[in-house]
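Peer 1:
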Amino acid sequence: MTGANIDVEQVLKITDPGEVNRSEHLWGDRLVINLGNVIAWLFPILMLAIVTQVIIRKMGMNQAWLDDLQWWLYGIAMLSAFGYAITTDSHVRVDIFHANYSKRKQTRIEVFGLGWLLLPFLLIMTDVLMHYAFSSIAAREGSDSPNGLHGLYLLKSALPLLFVVAIISTIATLSRNLAKLNDPVLWRMILGGLPGFWFLAERAVHYALWWIVHLSNPELPIRKVVREPIFDNTVWYGLGLITIIAAISFMLNRRADSGA
């Protein structure tokens, strides 16, 4: 890479990280970056809301809805920025060791960090926040202040959606890093993010069984559905499901390679 190209790369990292290595981006990367570029416009609105609230508070005309609005804007902007930072690799790093490793070793660390550490966390949080959002919607939760923004359940409903954006970002970035080592086919993706995909399969089995038990026995109280014995082994059912999917993918790829 020439000095001019290095300068351009450094400028892009500062001015528009979404354009760095754009040719390598997958559809998930572009989705997250485009969403981030749109939501970034919330920050000027947030600054205006903060300045306005400070001024009118000094004038003795405090508005609780402006306080709530700041939290709404800040929460949505920061959570979407989380996925954007993953895609563009613009998050804060401690590169004491990582920076001196070979490119291949750095890539392996990225795969492990994304697939085995970050992805499971994001999936678990999404599952938790789905229940959190449903509870808020059911209660029609509003602001603590009489003149605040009373659709708080709308903000809480956005939380799992924004974590889904981060999941898309993580999977796309994981796939790009796997491509530097091998062809990122499905079974390699599953191995690269095994804890997260195992959890995802377990949740899929769990919710499928929940609906089967609930619909087949509608008299059973909803809170007691998951206490049925069939739910005791959903972890292993999930492992079996993800193993079958990986095995099928492996055999199909082997067949395609031998046919080629």
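Everything in the sequence shown is counted per this note's numbering, starting at 1 for the first residue and increasing by one.
The C-beta atom is built at its ideal place from N, Cα and C for all residues, glycine as well.
Here the structure is a predicted model, which is why all the values come from computation and not from measurement.
1. Any beta carbon from chain B within less than 7 Å of Asn182's own beta carbon?
2. Can you name, in chain order, every residue of its own chain whose Cβ lies under 8 Å from the Cβ of Ile230, other than the five neighbours on each side?
3. Nearest-angstrom Cα distance between Ile190 and Ile242?
4. With distances taken from CA atoms, which of Ile109, Ser216 and Phe163 is nearest Ala133?
5. Near Thr170, what residues of its chain come up, given a Cβ to Cβ distance below 7 Å and the 5 sequence neighbours on each side ignored?
6. Can you tell me the Cα-Cα spacing of Arg254 and Lys103, whole angstroms?
7. Is the region 146-160 touching the region 182-200 in the sense that three or more CB pairs, one from each, lie closer than 8 Å?
8. If the criterion is Cβ atoms closer than 7 Å, does the pair Gly18 and Ile39 meet it?
9. My output table needs one value for Val20: the three-state DSSP class, helix, strand or coil.
10. For a test of the three-state rule: what should DSSP assign to Ala246, helix, strand or coil?
11. Going by other Cβ atoms of all chains shown within 10 Å of its Cβ, with 16 needed for buried, is His91 buried or exposed?
12. Check Pro63 in the structure and name its three-state DSSP category.
13. Alpha carbon to alpha carbon, how far is Asp95 from Glu110? Give it in angstroms, no decimals.
14. Could you spell out the range, first to last residue, of the alpha helix (DSSP H) harbouring Gly113?
15. So what does DSSP say about Asp68, is it helix, strand or coil?
16. Tell me the rounded alpha-carbon separation between Pro218 and Asp89.
17. Which residue spans inside the region 138-173 form an unbroken alpha helix (DSSP H) run of at least 4?
18. Distance, Cα to Cα, Asn147 vs Leu66?
19. Enumerate, from N- to C-terminal direction, the unbroken beta strand (DSSP E) stretches of 3 or more residues contained entirely within the region 185-224.
20. Would Gly259 be called buried (16 or more neighbouring beta carbons within 10 Å of its own) or exposed?
21. Look up Arg93 in the DSSP assignment and say whether it is helix, strand or coil.
22. Just mark Ser25 as buried or exposed, buried being the case when its beta carbon has 16 or more other beta carbons within 10 Å.
Peer 2: The answer reads as follows:
1. Any reference to chain B falls outside this structure, which holds one protein chain only.
2. Contacts found: Leu209 and Val213.
3. 8 Å
4. Phe163
5. Close CB contacts of Thr170 within its chain, under the 7 Å cut and outside five residues either way in sequence, are with Ile86, Leu114, Leu118, Leu119 and Leu122 (chain order).
6. 28 Å
7. no
8. no
9. coil
10. helix
11. When all chains shown are included, His91 counts as exposed.
12. According to the sequence shown, residue 63 is Gln rather than Pro. The DSSP-derived three-state label of Gln63 is coil.
13. 12 Å
14. Gly113 -> no alpha helix (DSSP H), and no H or E assigned at all.
15. helix
16. 49 Å
17. none
18. 10 Å
19. The DSSP assignment places no complete run of the beta strand (DSSP E) inside the region 185-224 (cut-off: 3 residues).
20. Classification of Gly259: exposed, given that the 10 Å Cβ count is below 16.
21. coil
22. The question names Ser, but residue 25 in the sequence shown is His. Buried: at least 16 other Cβ atoms inside 10 Å.
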